[in-house]
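Residue numbers (the numbering used here), protein chains in the order written: chain A, 48 to 257; chain B, -9 to 1036; chain C, 17 to 199; chain D, 61 to 367.
C-beta: ideal position from N, C-alpha, C; glycine also.
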Amino acid sequence: MTTKDQSLGPLANDGLSPEERDLFSDARPVPYQPYPIEVVEKFVNWVRANSLFMLAFGTGCGAVELNPLMTARYDAYRFGFQPRPTPRQASVFMIGGYASVKTLKRIIRSYEQMQGPKFVVALGICPVNGGMYWDSYNTVNQFDLYIPVDLYITGCMPRPEVLLAGVLELKKKIKEGRADGHNRYIENLDWYKANQKRIIKNWDMPDYSW
Amino acid sequence: MVEGLLAPINLIIAALGVGFLLPLIARSSASIARGLFWLTQVFLLLISSVWLLRLIDGAPAVEVITAGIQPPFAINLYFGLFEAFVVSAVNLSAILGSWYLIDYFKSRAASMSVYLILTMGISGMVMTRDLFNLFIFIEITALATYGLLALDKRPASLAAGFKYIIATSLASTFFLLGTMLLYHLTGTLNIDDMLLHMDRITGPVGLAAGVLLLVGVIIELKPYPANGWGLDVYETVPAGVAAMISVGVSAGAFFALYKIVPLLGDFLPVVAAVGGATFLASNFIGLRQRNVRRMLGYSSVAQMGLMTLALAVLYMLGKSEYVTLVIGGLFINHLLAKAGLFWLAGVVDRPRTEAWVGLRHRPILLVILGILLAALAGFPPFPGFWGKWELIMQLSAGELPFWVFVVLLGSLLEAAYLYRWFGFALQDDETRAPAVEPVKLIPVGLFALSLLATGHLVADWLGLEAPRVLVPIYMGIILYALDGMPGRLKALLVLGAFAVYAYPVVMGLEGLHWLFGLILLLGGGVIAFAVLHRSDARRGFYPLLGMLLFSLASLLEASSTLEFFFAWEVLTLSSYLLISMGRGAREHILTFLMFSLGSAFLILAGFGFAYGETGSILLADLSKVEKSATLVFMLLTLGFLVKAGAAGLHVWLPGAYSEAEDDFSALLSAVVGKAAIFGLLLAAMHLAVNGVGAINQVLYVVSWLGLISALVGALMALFQEDVKKLLAYSSMGQVGYIVTAIAVSSQLGWVAAGYLTVNHLLFKGLLFLAVAGLVYQTGTRLMYQMGGLIKNLPMTYISVLIGIIAISGVPPLTGFGGKWLLLNALFDKGWYWQAGLAFFASAVAFLYLFRLIHTVFLGQRKQAHKDLREASWLLLFPQILLIVAIMAFSIWPKLLIDPIASSFAGIFPEALIWDGTMLKTRLGYWDGFMVINIVAGVFLVPLLILLFLSRFMQIQKVKQFNIVFAAERPETPETTHYAYNFFSFYEKALGPLLKPRATAFWDGVSEWSHTIGSTLRVLYTGNGQTYALYVLFYVVMIYIAVGGMG
Amino acid sequence: MSNDPKSIIEELSDHYQISEIKEQKADLLLLKIPKEDAVQFIRELRDGQNYTHLAFMTVIDYIESGIFTLTYMLHNYAAHHNIAVHVDIDREQTEMESIHELWVHAATYQRELREMYGIRFPGSPRLDDDFCLEGWDEIPPMRREFDTVSYSRERFFDREGRITTDPREHMKQIMYPIHTDND
Amino acid sequence: MEFWAVKIGYFLITLGMVTVYGLLLGAIIARTMARVQGRIGIPYWQPFLDIIKNLGKRTAVSHGVMFYMGPVFRIAGGIGTLAFVPVIYGSEMFSNFHFAGDLLLAMYFIFFGQLGMALGAGESGHPFSAIGVARGLGQMTAFELPFVLAIIAVVIQYDTLSITEIVAAQQGGVSNWTLFTNPLAVAAAMLAFLGMSGYPPFDVFTAPNEIPIGPPTEYHSSFLALMATNRAIFASAKLILFMDLFFGGATGLIEMIIKTWAIYMVAVVVGASFPRFRVDQSIRFFLRVPTLIGIASIAFVQIFLLG
């Protein structure tokens, strides 16, 4: 089942000093294929949609709108949506509003450390076009240049109801098998990496943070 | 003509004549004088030794009365076996001593003659049977000594000589007065005649006479506190002279005492007290000494005190037939060792003990020093060992526990300062190795060899099968002779010889001995195999290893307490020396030795009291002890508990186990430590099973002690950063369980003890060997400097993994069986509280075990360890054997439990029932075979499921740095590896419970001992007049003491 | 020693060239001091006058006058009084004596000022380490000559279709038309 | 052979049942907690979906052999513990492999999974895993003491180490339960149970915000699924052990479900009402009052029950 495309060779990891290079893995990720049996794939997609583990990483000011989602008023647990403290176990990455260059670096690391299939939801107007920070020296304007986004929820800030609607929309997308950000990222890894490295000047981590 | 020349009287005449002629001849030709001096000495030695041989062959003793006139106007000599022996020894020391004085005598012809006269005086003191003659010879000796001191012409010598002459003059005055009074009472001066008229020596006059006579001689022996005058001497004169004073003069004086003791029947307790006080006080003061010669001086005085004590006590008890063995042994031991040490002090010529560092790099010198010190400290096989053994036996038999205590305490103190000195000599500092002319070592070496030879002779004479008992020693000597060979060859030789020797030994044993034969010998052999991994020569290691392994065999073969104790002491000595080879062991070896000796002495006392009751030294006859069974059992148990590292008595253990060389640590913890368990079981088997006296209460206390050790060991192990220290504390804890199991004293308990012992051997050998490989590869013992080594040392990792599962008691490996048996035994006995504590201790043990494996093998690997290789296969091979054993015993516990149960068969009612593979007790049941199968099943099925699922996942192998690190990248492995102070919160939680109380207590004991030493020394003002006054006071005190008795 | 801030300043005026004294609020006094005397003066306030706390330090960019005005905000706990010490430094020769020896935490402020304005404080610990920015290689972003809009356009690529409005006008027209009357 | 086939078959049934029950119990507890907070909470099938979702993950990373085997050790520990505890008294089907060993075996086997998990987490190289393990193990030693004391009291009381016999001795009415015959032991054991179940105030070893859920912080995908399954099995096994020792065991499935749920609720209710202890505080807590109660329970048995 695991078809590893090694034609492109391992990653260069040239942001690291030579001594540091063998501390990190330099393997190149490969996209996964759907399950050979379609029913299984559909079933699993349904399950994935109903078991959304969100990475609890407040990347921007919008993260403050995520907390009410878990309270009695909105109770996102009903929809199988729950926070998870480590990227390893999470499947949904909520980008909480604007992303500064410095945060973007951490977002990339965390995103790459999540295990596929994984989904990205960007909330607020800032990830879309920079929002009120459009002219900042420090805030990215088009978030999807760096990370594949499955769903944008716009607004400054979007209220929890909107977020909830977004979650439901995401579930629909997953069920239909259209949330393919994970594979898109890996298939276009070089493009994404070039974009990322253009703005992140001190790239002192491996090219792909396993 | 020849016969005439050889007449004993010539010992006096020749020395005297040449002595007076020498100064004259020296004026004309110094070289002729020197030639004559040597010739005379040789002649003296010749006479005495020829006579010694003749007397040994059974020739009658010679009585010499000169000039046909009766004493006191002529000389009356008696030359029997003892006399010949002592005179020969003195002459030998004199001639060998003058070897060291060649340069000294070149400029001092007069000294040569005084030296001769001194020898003559001593011979006279030994030989004469006439009190007045004795007085004369005492005077001659004293004057000659003074002469030697005065001719040295240095202010210090002069001052010392002055004090000396004042005191000895006083002494001889008293002696003369006493002689007069006795003559008045008995009308004779001959000791033998006086003995015939003992009945006349009565009343106040008789008393005064006795006291004066006694005091006269005793003062010569420098009793504490009236001995301040005698000690400067050792420091100031050349080593050869000091040796002569220490050995020769004291020998003469002591022989004089020996002669007059029969006259002093009533005063014997006082004499004993004088000896005992001197022995103890001098050794206390010796602790404070940093000057080698002064220290040796105190040791001399102490030895004289011990001999005085022994002599008096043996006469008191009417056991004069043991005088030969006890006094003879102690005497020859003292003579050879002390003379040798003084000479050595002269050869090395470093006044301070601290300055002796670097001797390690002069192997011959070190070996000689080692032999002499071992002899002096009473280690086997030297004559002092036999003497002390018999002395303790007789003291115990005579129901004199106080004196037993004094003798043992004094000996312990003496060993403390002697071995502190040796510790300096063992220090590794090549730049400070002394330069010594080999020729100078001949006499010392000769004495060292004589000590070995006499040791053998005494053993032979005692009727022991000397070659068998002494086999560890001979192995040591033989291997030492072969020490030039390549390391691995020597290792193979040791192992081969051991295998050949041990196989029939094990085959010939049965019961408990057989079980421990397997544990100690088979286990020892397997673990000792690991020494092969080092290819360097390891000078000195293999002889000592041979000695150690063979002494284990001897321990098992021992049928009498004497043989047992002999082997035990050899084991102690060889482990001490082996530990001292560790690089950082210096600080810990003295503690190790002190506790080991303390333990040995407790055992000795125990054996002594057993002998006292039954009159037998057979081990089997220990079970006949009834009246003093509690005492004997307590002493033996305490002794063995010290070696088992029970809480409070464990302070020696961590240092010794961790600082010994890495492969030896395994042997030390896994095998040598088990000797104590063997001893405990032996003692319990013979004494505790009957439950006489208060033994059950003792066992109850022991059960708590064992578990407290288990808990303390586990808690201390939590906080160690040093991987070997962790294992050392772990050993302490695990042995604690064994001790408790023994204390349960039922079939379940002892089977548990045997099971735990075997298991501890397996897993601790495994862990120590694995750690040895680890330390060897990484070059560090600190766990936080390691990490992530599983990929580099996978086999070692598996060893440690199996080891910790076996230790922690997690099913299905062997550890659980031990815990199950132990807890069942405790429940069965009704010791519920102990069971709770045992549980808790084993849970705490789980913590340090995880830390061991985590911080070393898991977590982040340091960049420096990137290219480390797996440990040598020679080191892994014994580990594999041990793993195989653990696995086999895990699958078939019956393999292990059946033999253990059979070795205790018939002692207790059966409490273990086999039902197929199921083991049942009154309370519970356990089917080890089934458990391991079930566990294998529940482990393998999920594993297969996971492997299947893995086919549908792309599992990427990543490095340890590919972690979620709060979205950051880890900085360096050092900062990412959580290892240092791993259980700091536990320390915080338990707080004051974890203070090192035992260490503080023993530090206190050491401190107090030194303080006592200082306090006792306050009396020494250095002022001659004060010393003279002390002598007078002393006489008065003795008079009062004796009068009070009368 | 008087607790009254004014008398303190008067007292210190004998030794220091204090100018532009202004009592902003009851508990805040502004003053200016020449660059050379500044650290000595602050030390005097700290040790002699009980202004033991450095609340913050910051800088104002007067690009028109070609100066940076450093502000040290000192606080007196006993009197609950603040003194803001202004120090003018040249915008081109941006160097100032460090006060990290007076307050350890000043080093952090100085790192920030170094990063955001390019002011150097020789001797201040870890001065050149990254503070907020990582791997910044342009002119310091808070200096007023730094053109943040073109930087953003060049780097972060405006998304097509974005509309920018003046917030004030936008609010007036769309969101809150009623309020415009009362404004 | 046939004996084994039957036994294994029965055990598989028990195992499946217990797994389902354990997962459902988790959902029930979560819903109960949600109701307390005024929420509806997760659907009942959420734990199952989570496990399937994790099994359905398509990528994973492995830090090494021990990392890979850690969850296997863990689940083996859980299944093994269940295997050595009889679930329903008097039922051949639900008695598992209790005949392989007694109470001591079950108690020591609890460590098996902990050790394997700790090793796996250790190899991940994550410092938070190690910190979590250190804290967890440290706390475990502390609550082990009152637990063991309580068990000793029970063993003295019934004079046997066999779990079945302990249950048998409690049959014949509520008043025969250890809960009523030896309340001190039960008190000590239940306090220990609070620590064992990892709810507040004793949840510092998984502290999600400080050391992201501690030991399993690097685990994901199928590994996590195995661990979640084990959580259900292991928790149930422990509950069943407690039920057997202290609450009269169970003679039927319904009784078992009610009793174990009730025992679990103790930890949940306490957990819902308390903030978190630091690990040294929880160690000290367990070594004080619960230990004293444990000691008192042994004394109680020795004095009053045995005379």
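Per the contact definition of three or more C-beta pairs closer than 8 Å, is the region 149 to 158 of chain A in contact with the region 201 to 215 of chain A? At 8 Å Cβ cutoff, the stretches do not touch.
Determine which residues of the region 87 to 103 of chain A have a Cβ less than 7 Å from any Cβ of chain D, and write them out in chain order. Hits within the stretch, in order: V91, V94, R95, N97, S98.
Around the Cβ of V725/B, are there at least 16 other Cβ atoms within 10 angstroms (buried) or fewer (exposed)? Taking the second sequence and counting its residues from 1, one reaches residue 725/B at position 735. It is buried - the Cβ of V725/B has at least 16 other Cβ atoms within 10 Å.
Endpoints, the beta strand (DSSP E) within which V139/A is located: Position 92 of the first sequence, counted from the first residue, corresponds to residue 139/A. Start and end: 139 to 143.
Three or more C-beta pairs closer than 8 Å, one from the region 694 to 713 of chain B and one from the region 830 to 842 of chain B: is that the case here? The region 694 to 713 of chain B makes contact with the region 830 to 842 of chain B, as at least three CB pairs between them are under 8 Å.
Considering Cα atoms alone, identify which of N98/C, R175/C, H31/C is closest to K41/C. Reading the third sequence from its first residue, position 25 is the one you call residue 41/C. Taking only the C-alpha atoms, the option nearest K41/C is N98/C.
In terms of DSSP beta bridges, what is Q243/A paired with? On the first sequence, residue 243/A is found 196 positions in, with the first residue counted as 1. Checking the DSSP bridge columns, you'll see Q243/A has no partner listed.
Using a cut-off of 8 Å between C-beta atoms, extract the partners of H158/D located in chain A. Within the fourth sequence, numbered from 1, the residue matching residue 158/D stands at position 98. What H158/D touches in chain A: nothing, since even the nearest Cβ is about 35 Å away.
Pull up the distance between the alpha-carbon of N249/A and that of D182/A, whole angstroms please. Within the first sequence, residue 249/A is the residue found at index 202, counting from 1. Within the first sequence, residue 182/A is the residue found at index 135, counting from 1. N249/A and D182/A have their C-alpha atoms spaced approximately 22 Å apart.
For E958/B and Q160/A, what's the separation of their Cα atoms in angstroms? Here residue 958/B refers to the residue found at position 968 of the second sequence. Here residue 160/A refers to the residue found at position 113 of the first sequence. Distance between the alpha carbons of E958/B and Q160/A is about 11 Å.
Within-8 Å CB hit, Y149/D to chain B: Against the fourth sequence, residue 149/D aligns to sequence position 89. Closer than 8 Å: no.
State the DSSP-derived secondary structure class of L366/D, mapped to helix, strand or coil. Position 306 of the fourth sequence, counting from 1, holds the residue named residue 366/D. L366/D falls in the coil class under three-state DSSP.
My understanding is that L82/B touches L29/B, with C-beta atoms under 8 Å, so please give their C-beta distance in whole angstroms. Along the second sequence, one-based indexing puts residue 82/B at 92. Along the second sequence, one-based indexing puts residue 29/B at 39. Contact doesn't hold; Cβ gap of about 16 Å is too wide.
Less than 8 Å between CB atoms is the rule here; does M103/D satisfy it with respect to chain B? To locate residue 103/D, count along the fourth sequence from 1; it is residue 43. Here the sequence assigns Pro to residue 103/D, which means Met is not the residue at that position. No, no contact with chain B.
Could you compute how far the alpha carbon of P78/A sits from the alpha carbon of I211/D? One-based indexing of the first sequence puts residue 78/A at position 31. One-based indexing of the fourth sequence puts residue 211/D at position 151. Using only the alpha carbons, I get a separation of about 54 Å.
Using Cβ-Cβ distances below 8 Å, what residues of the region 851 to 869 of chain B are close to chain A? Correct list: Q853, K856.
Just grab the DSSP bridge partners of M101/A for me. On the first sequence, position 54 is the one that residue 101/A refers to. According to DSSP, M101/A bridges with P130/A, V139/A.
Let me check one thing: in DSSP terms, what residues is E200/C bridge-paired to? In the structure as shown, chain C begins at 17 and stops at 199. Residue 200/C is therefore absent and cannot be evaluated.
Exposed or buried, A49/B, counting other C-beta atoms within 10 Å across all chains shown (16 or more means buried)? Your numbering for residue 49/B matches position 59 in the second sequence. Result: exposed.
Which residues in the same chain as M316/D place their Cβ atom closer than 8 Å to its Cβ, once the five residues preceding and following it in sequence are excluded? Along the fourth sequence, read from residue 1 onward, the residue named residue 316/D stands at position 256. Once the five neighbours on either side are set aside, the close Cβ partners of M316/D are V147, I148, I300, M303, A310.
So what does L198/A bridge to, in DSSP terms? As a first step, residue 198/A must be located in the first sequence, where it is residue number 151. Answer is V168/A, bridged to L198/A.
Exposed or buried, which one is I517/B when buried takes at least 16 other CB atoms within 10 Å? Working through the second sequence from its first residue, we reach residue 517/B at position 527. Around the C-beta of I517/B, 16 or more other C-beta atoms lie within 10 Å, and the residue is accordingly described as buried.
Assuming the contact rule is C-beta atoms closer than 8 Å, A4/B and F33/B should be a hit. Round their C-beta distance to whole Å, please. By 1-based counting over the second sequence, the position of residue 4/B is 14. By 1-based counting over the second sequence, the position of residue 33/B is 43. Right, the Cβ-Cβ distance comes to about 6 Å (below 8 Å), so this counts as a contact.
How many Å lie between Q279/B and A329/B at the Cα? Indexing the second sequence from 1 puts residue 279/B at position 289. Indexing the second sequence from 1 puts residue 329/B at position 339. Rounded to whole angstroms, Q279/B to A329/B spans 19 Å at the Cα level.
Taking Cβ to Cβ, would you say M1056/B is nearer than 8 Å to L315/B? Past the edges of chain B, shown from -9 to 1036, lies residue 1056/B, and the structure says nothing about it.
Entirely enclosed beta strand (DSSP E) segments - the region 188 to 240 of chain B, minimum 3 residues: Complete beta strand (DSSP E) runs here, min 3: none at all.
Candidates S147/B, G308/B, L689/B, F753/B: closest to L717/B by CA position: Here residue 717/B refers to the residue found at position 727 when the second sequence is read from its first residue. Residue F753/B is the option with its Cα nearest to L717/B.
Mind pulling the alpha helix (DSSP H) runs of 4 or more residues that sit fully within the region 973 to 1005 of chain B? Listed in chain order, they are 974 to 980.
Are three or more beta carbon pairs between the region 468 to 481 of chain B and the region 531 to 546 of chain B nearer than 8 Å? Contact annotation: the region 468 to 481 of chain B touches the region 531 to 546 of chain B, with at least three C-beta pairs closer than 8 Å.
Please go through the same chain and pick out, in chain order, the residues whose beta-carbon is closer than 7 Å to the beta-carbon of P132/A, but skip the five residues on each side of it. For the purposes of this step, residue 132/A is identified with residue 85 of the first sequence, where counting begins at 1. Apart from the 5 residues on each side of it in sequence, P132/A sits with its Cβ closer than 7 Å to the Cβ of A103 in its chain, given in chain order.
Would you tell me roughly how many angstroms separate the C-alpha atoms of V251/B and F165/B, rounded to the nearest one? Against the second sequence, residue 251/B aligns to sequence position 261. Against the second sequence, residue 165/B aligns to sequence position 175. One alpha carbon belongs to V251/B, the other to F165/B, and they sit about 14 Å apart.
Taking T74/C as part of the beta strand (DSSP E), name the residues at either end of that continuous run. For the purposes of this step, residue 74/C is taken as residue 58 along the third sequence, with counting starting at 1. Its beta strand (DSSP E) spans residues 69 to 78.
Span of the beta strand (DSSP E), counted from its first residue to its last, around E53/B: The residue labelled residue 53/B in the question sits at position 63 within the second sequence. Counting along the chain, the beta strand (DSSP E) containing E53/B begins and ends at 52 to 55.
Name the chain D residues whose beta carbon is nearer than 8 Å to that of K809/B? Locating residue 809/B in the second sequence gives position 819, where the first residue counts as 1. Simply L164, Y168.
Between the region -7 to 4 of chain B and the region 12 to 23 of chain B, can you find at least three pairs of beta-carbon atoms closer than 8 Å? Put simply, the region 12 to 23 of chain B does not touch the region -7 to 4 of chain B. Fewer than three CB pairs are less than 8 Å apart.
Can you name, in chain order, every residue of its own chain whose Cβ lies under 6 Å from the Cβ of T49/A, other than the five neighbours on each side? As a working mapping, residue 49/A is identified with position 2 in the first sequence. The predicted model places T49/A with a pLDDT of 40, which falls under 50 and marks its position as unreliable; any figure quoted below should be read in that light. The beta carbon of T49/A is closer than 6 Å to none in its chain, skipping five residues each way along the sequence.
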